[in-house]
Amino acid sequence: MVSRLNPYLSFPGNARQAMEFYRDGFGGNLSMATFGDFDMQDTPDADKIMHSALETDLGFTLMGADVPSDQEYKPGNNIGVSVSGDDAEALRDYWARLSEGGTVVVPMERQLWGDEFGMCVDRFGVEWMVDIGSPQG
-1 MVSRLNPYLS FPGNARQAME FYRDGFGGNL SMATFGDFDM QDTPDADKIM HSALETDLGF
59 TLMGADVPSD QEYKPGNNIG VSVSGDDAEA LRDYWARLSE GGTVVVPMER QLWGDEFGMC
119 VDRFGVEWMV DIGSPQG
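Numbering-wise (the numbering used here), the sequence shown opens with residue -1 and increments by one.
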């Protein structure tokens, strides 16, 4: 997989409906996973969307998730930028540069879904998510 840059939307509990709406509008394949799918069945967020990705036939990628109940949903500030791929060296470099002088929200480390992932707010207030997947082979 090549690295890609795409918007990542946050929702106050209606990510499933929103992402299905976007799929109906743009077409393509929509994948979704709930918090419960990742060993969080005993939380109030178990049925909420932890991650979704819409991949269209034209090459658009749109990702989204529900804001966990222990975090505040902020309309107007509900979009971030996702950088993902399997070039670990390049993505770790992006992470280092983006998080320098900013605030690390989730440290870059291996996550439940198997990828390395980190989230930060850069020094200009932009939220970034960097995901390093395993090389396809």
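Here a beta-carbon is modelled for each residue, glycine too, at the ideal position from N, C-alpha and C.
Problem set entry | Ranges of the alpha helix (DSSP H) found wholly within the stretch 80 to 122, counting only runs of at least 4 | For the stretch 80 to 122, the full-length alpha helix (DSSP H) segments reaching 4 residues or more read 86 to 97 along the chain.
Exercise. What are the start and end residues of the alpha helix (DSSP H) that includes residue 18?
Worked result: 13 to 24
Exercise. Taking buried to mean at least 16 other C-beta atoms within 10 Å of its own C-beta, is residue 46 buried or exposed?
Worked result: buried
Exercise. Looking at the unbroken beta strand (DSSP E) that takes in residue 76, where does it start and where does it end?
Worked result: Per DSSP, residue 76 belongs to no beta strand (DSSP E) and is neither H nor E.
Problem set entry | Other residues of its chain near residue 129: CB distance less than 6 Å, five sequence neighbours each side excluded | Only 82, 113, 115 meet the Cβ criterion.
Exercise. Can you give the beta carbon distance from residue 79 to residue 8, rounded, assuming they're within the 8 Å contact cut?
Worked result: The pair is not a contact, with the Cβ atoms about 12 Å apart (cut-off 8 Å).
Problem set entry | Classification of residue 63 by the beta-carbon crowding that lies within 10 angstroms, buried from 16 upward | buried
Problem set entry | Closest residue to residue 57 among 105, 10, 28, 95 (Cα-Cα distance) | 28
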